[in-house]
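For reference, the structure is listed below as structure tokens.
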Amino acid sequence: MIAKINHHRHINHHRQHNVASEFLAVKTFCSQNCLAGECCMVLQEQGFLTGLEKWLKVRWDGFVVHYHEIGLKKGNRRSFVKALCHNLRRALRRFGAEVQDLFDRIFVTVSEENFAEALFAASKVFGVAYSAPIKILPRSVEAMMEAAIQTYKSLALSAETFAVRVRRIDKSFPMTSCDLERTIGQKIALATGAPVDLSNPEVLISFRVYPDCVYQVGPKVQGVGGLPVGVTGKVLALVSGGIDSVIASWLMMRRGCVLDFVHFHAFPNNDEVASEKVLKLVQMLVEPQGLSARLFLVPYYPFQLALLTSKVPSRLELVLFRRFMFKVANKIALESGCKALVTGDNLGQVASQTLENLAVLDDASKLPIFRPLLTFDKQEIIALAQRIGTYELSIQPYKDCCSLISRHPETRAKLREVLDAEKSLPIEQLIERSFSEMKVLTIVSHEI
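So in numbering that gives the first Met the number 0, spot 349 of the sequence shown is number 348, and the numbers just go up one at a time.
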């Protein structure tokens, strides 16, 4: 059964540009219905808002999207940029945005009423290093001076200090970057009486000179970076409803993977899971990318019942249960075209995640098992969950799939002993029964 479910140049000492980096650290930055007004309000409460709100009120022609790692891919660069543009179009469709690939940059146009929301939404798309609002100007010193004066007057609440930064992408422009900065700065000072501060300006006005035009550039909104989803293949993530597995999934998406998800649950009825937090967590992962994804809901009660009537040592129950999950996940992955499994395993974090136990678990899988959190400490994982907005939901009470297991599990399992114990269970029958009672949900983003 398939159910469809519809659901901001970085220089550390420049205050308004610092806001973009601080903004990324605010939990609500990654809330799924982030409005510019709400973001500014939260930033105000956190003490981060120094110039962002004013910059967002400037009338811009659009915003430019830049990438970093993609630019290093040499022969694959164009295909990666094409994928990024495709993903941006999908993620920004609800704003009516138009995405243009200009070879060395991506330009996005969107209506004034949707500008702030689209700007922040673009920064959540994997592959985006940063985005920044721009005005398109003619290639003339006069146009830059006029725009700079207008911008200063609209941003400065009083005689605030300023600086001008110019970067010439087109080196054939007759004036050097330093000459342009000096000329434009003198014009602003004469027109407004504003003081210059080159080291710590309160208002920073930036320009980039291209062969066909000049961009006036606003403050950067730091992106999530990584690679565009879809360029590295498809994997199946095992999600539990806790913190770790969701972050592991997010990290794999950040490396360009398309994800499907599988959840092993304790509910007697699959329908009860649809309103639970696992579904909501998956929605939070796919929504910013404008993606659709499948969530496989697998009941584990057949395995639980078999354990109750078996003579399996209780200390091996957890390892056997996780091997069972990997075997089911392999079957799902192979039938759905996934090339690997993903888990939130973290070396030494809990009793079952020792080198010995992980090796025994790997034996149960025909596919590679990726563990992106293997070397993270818990505080790093929590900080990342808070940054991307999944932490509060992840810590809500939920019946974890390992709640049935012994309180004293084996920490250094031996493969031979585990295989012998596994023989006392009708594993293949249990796999088939759980697989036959599995439910598949297709989570469809509202951007699609």
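The C-beta atom is built at its ideal place from N, Cα and C for all residues, glycine as well.
{"Query": "Buried versus exposed, by CB contacts within 10 Å (16 or more), residue 70", "Result": "exposed"}
{"Query": "N- and C-terminal bounds of the beta strand (DSSP E) containing residue 441", "Result": "438-443"}
{"Query": "Cβ pair residue 57, residue 153 closer than 8 Å", "Result": "yes"}
{"Query": "Uninterrupted alpha helix (DSSP H) stretches inside the region 296-338 (no shorter than 4 residues)", "Result": "300-307, 316-335"}
{"Query": "Reduced DSSP secondary structure (H/G/I, E/B, other) of residue 182", "Result": "helix"}
{"Query": "Cβ distance (whole Å) where residue 294 is taken to contact residue 260 below 8 Å", "Result": "5 Å"}
{"Query": "Min CB distance residue 385 to chain B below 8 Å", "Result": "As a matter of chain content, chain B is missing from the structure shown, which is built from one protein chain."}
{"Query": "Alpha-carbon to alpha-carbon, residue 122 and residue 223", "Result": "6 Å"}
{"Query": "Cβ pair count under 8 Å reaching 3, the region 407-427 against the region 253-271", "Result": "no"}
{"Query": "DSSP state of residue 381 mapped onto helix, strand, coil", "Result": "helix"}
{"Query": "Contacts around residue 20, its chain only, beta-carbon distance under 6 Å, and the 5 residues preceding and following it disregarded", "Result": "For residue 20, the predicted model reports a pLDDT of 36, less than 50, meaning its position is unreliable and no value from the coordinates is stated."}
{"Query": "Three-state secondary structure (DSSP) of residue 434", "Result": "helix"}
{"Query": "Residue ranges of each beta strand (DSSP E) within the region 244-291, 3 or longer", "Result": "256-264"}
{"Query": "Cβ-based burial, residue 158 [other Cβ within 10 Å; buried from 16]", "Result": "exposed"}
{"Query": "Inter-residue Cα distance where the pair is residue 286 and residue 361", "Result": "31 Å"}
{"Query": "For residue 163 and residue 181, the rounded distance between their alpha carbons", "Result": "8 Å"}
{"Query": "First through last residue of the alpha helix (DSSP H) which encompasses residue 92", "Result": "That residue, residue 92, is in no alpha helix (DSSP H); it is neither H nor E in DSSP."}
{"Query": "Pick from 239, 142, 53 that is closest to residue 279, judged by C-alpha positions", "Result": "239"}
{"Query": "Beta carbon of residue 82 nearer than 8 Å to that of residue 229", "Result": "yes"}
{"Query": "Residue span of the beta strand (DSSP E) that contains residue 62, given as start and end", "Result": "61-65"}
{"Query": "Range covered by the alpha helix (DSSP H) that runs through residue 108", "Result": "Element bounds for residue 108: not the alpha helix (DSSP H) but the beta strand (DSSP E), 105-108."}
{"Query": "Three or more C-beta pairs below 8 Å linking the region 130-150 and the region 239-248", "Result": "no"}
{"Query": "Rounded straight-line distance, which links the Cα of residue 301 to that of residue 429", "Result": "6 Å"}
{"Query": "Distance CB(residue 110)-CB(residue 63) smaller than 8 Å", "Result": "no"}
{"Query": "Residue range of the alpha helix (DSSP H) that includes residue 152", "Result": "140-154"}
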